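Peer 1:
In the numbering used here, the protein residues as written are 1270 to 1635.
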């Protein structure tokens, strides 16, 4: 029996997030075969909306792992021009992650993964800059296990975080965006964390269901050389198939000068040495999704946890360009619930994961 919530989910992605219209070329890209029910609903809706062509593809992470482990230098360096040519014709890109094993890349060749990310970055840039795109995650048994839930509980959690009134959430986020726009100095204080940086002249950007589902954050970027202090992240993060815990970063003049992670110092620093920009911050964001309240080892959800921030080494976004360029964009999450403060220009706006600034109270979950 088809779950009717999948249809509602597809409607959010097609009608609200990407606004598919007559004449569009649409690419639906699923990583994992379990996403088939959602792909079918998306395909049907896109055709009904009048898209002139709908391409769908399924990738299998286990096969990608074979490539990274077996490919020679000339294979890693080969640029798939046919993918770039097609991406230039795409108007709408919908991506679905449905991998049943988040650790499938844990033993893959990390150097090959880093090099291939550099080679194929232009295709990603073309997609990000020139399509109406959205990314989501489909519930799998593996995802449920990572979240320490049953599949049924995990499905309920995902639907409650995805299928909400995004227009209403957008209006709430507008208050935080406007406050960010007026702010110069930011300070984050919590356990083993004391960060100071400027966001002067860099806009606040609402994440209100247009690019990620679930969504729910307002982000900006620090002035590139302004970050001072240190932060210890308290959410696990999986990057390039490896899990990192208790990442601690120290900053001087914007640059990460020391980076540690329990048992993973070497792997962490190899990623941060991918290029010069990987040791600078490309994004600062505050999570505001009222339906997401605990880490699930899935960054699309974890970065939206209400009462969290993420402070991201690597590439900045074009909408909020602090000039930092990198093949890396690594969202690392710090939950402030019960322990933490956010200050804008010496005014306390959030304490222990709840907004206390009078203009932002409506963002707190009911």
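Using N, Cα and C, we set each Cβ at its ideal position, and we do this for glycine too. Note that the structure is predicted; figures quoted are calculated from it, not measured.
Roughly how many angstroms lie between the CA atoms of residue 1317 and residue 1433, to the nearest whole one?
Peer 2: Spanning the two alpha carbons is a distance of roughly 23 Å.
Peer 1: Identify whether residue 1457 lies in helix, strand or coil by the three-state DSSP scheme.
Peer 2: In this structure, residue 1457 counts as strand in the three-state DSSP scheme.
Peer 1: For residue 1493 versus residue 1593, is the C-beta distance shorter than 8 Å?
Peer 2: Yes; because the gap between Cβ atoms is below 8 Å, this pair is in contact.
Peer 1: Kindly indicate which three-state DSSP category residue 1582 falls into: helix, strand or coil?
Peer 2: Note: residue 1582 maps to strand in three-state DSSP.
Peer 1: My parser needs the alpha helix (DSSP H) runs of 4 or more residues fully inside the stretch 1528 to 1559; what are they?
Peer 2: Those alpha helix (DSSP H) runs which fall completely within the stretch 1528 to 1559 and span 4+ residues are 1534 to 1541.
Peer 1: Using CA coordinates, which residue listed in 1364, 1530, 1487, 1613 is at the minimum distance from residue 1504?
Peer 2: Here the closest residue by C-alpha is 1530.
Peer 1: What first and last residue would you give for the beta strand (DSSP E) that runs through residue 1222?
Peer 2: This structure gives no information on residue 1222, because the portion of the chain shown stretches from 1270 to 1635.
Peer 1: For the pair the stretch 1581 to 1589 and the stretch 1457 to 1475, tell me if three or more CB-CB distances fall below 8 Å.
Peer 2: Yes, they touch.
Peer 1: Among 1301, 1325, 1366, whose alpha-carbon lies nearest the alpha-carbon of residue 1312?
Peer 2: Comparing Cα positions, the closest option is 1325.
Peer 1: Would residue 1598 pass as a contact of residue 1583 if the rule is Cβ separation under 8 Å?
Peer 2: Contact: yes.
Peer 1: Could you tell me the alpha carbon to alpha carbon distance between residue 1612 and residue 1436, rounded to whole angstroms?
Peer 2: Those two C-alpha atoms are separated by around 27 Å.
Peer 1: Would you mind listing the alpha helix (DSSP H) stretches within the stretch 1339 to 1399 that are 4+ residues and don't spill past its ends, in chain order?
Peer 2: Complete alpha helix (DSSP H) runs here, min 4: 1342 to 1345, 1350 to 1356, 1379 to 1399.
Peer 1: Which residues bound the beta strand (DSSP E) around residue 1476?
Peer 2: 1474 to 1476 is the extent of the beta strand (DSSP E) around residue 1476.
Peer 1: Using 8 Å for Cβ pairs, my map puts residue 1553 next to residue 1616. What's the rounded Cβ distance?
Peer 2: Not a contact, Cβ separation roughly 17 Å.
Peer 1: Distance, Cα to Cα, residue 1602 vs residue 1438?
Peer 2: Residue 1602 and residue 1438: Cα-Cα distance of roughly 21 Å.
Peer 1: Indicate the three-state DSSP secondary structure (helix, strand or coil) for residue 1285 in the structure shown.
Peer 2: Of the three classes helix, strand and coil, the one that applies to residue 1285 here is helix, per DSSP.
Peer 1: Give me the Cα-Cα distance between residue 1546 and residue 1595, rounded to the nearest whole angstrom.
Peer 2: Going from the Cα of residue 1546 to the Cα of residue 1595 covers about 5 Å.
Peer 1: Where do the N-terminal and C-terminal ends of the beta strand (DSSP E) with residue 1295 fall, by residue?
Peer 2: Run containing residue 1295: 1294 to 1300, per the beta strand (DSSP E) assignment.
Peer 1: To which residues of the same chain is residue 1560 closer than 6 Å at the C-beta, ignoring the five residues directly before and after it?
Peer 2: The answer, listed in chain order, is 1429, 1430.
Peer 1: Since residue 1282 and residue 1403 should fall inside the 8 Å C-beta cutoff, what is the C-beta to C-beta distance between them, to a whole number of angstroms?
Peer 2: Confirmed, about 6 Å.
Peer 1: Determine, using beta carbons only, whether residue 1534 comes closer than 8 Å to chain D.
Peer 2: Within the model displayed, chain D is absent; a lone protein chain is all it includes.
Peer 1: Just to confirm my understanding: we take residue 1606, look at its own chain, exclude 5 residues before and 5 after, and list those with CB closer than 6 Å. What are they?
Peer 2: Within the same chain, residue 1606 has close Cβ partners 1576, 1622.
Peer 1: Under a Cβ-count criterion, where at least 16 other Cβ atoms within 10 Å of its own Cβ denotes burial, should residue 1526 be classed as buried or exposed?
Peer 2: Classification for residue 1526: exposed.
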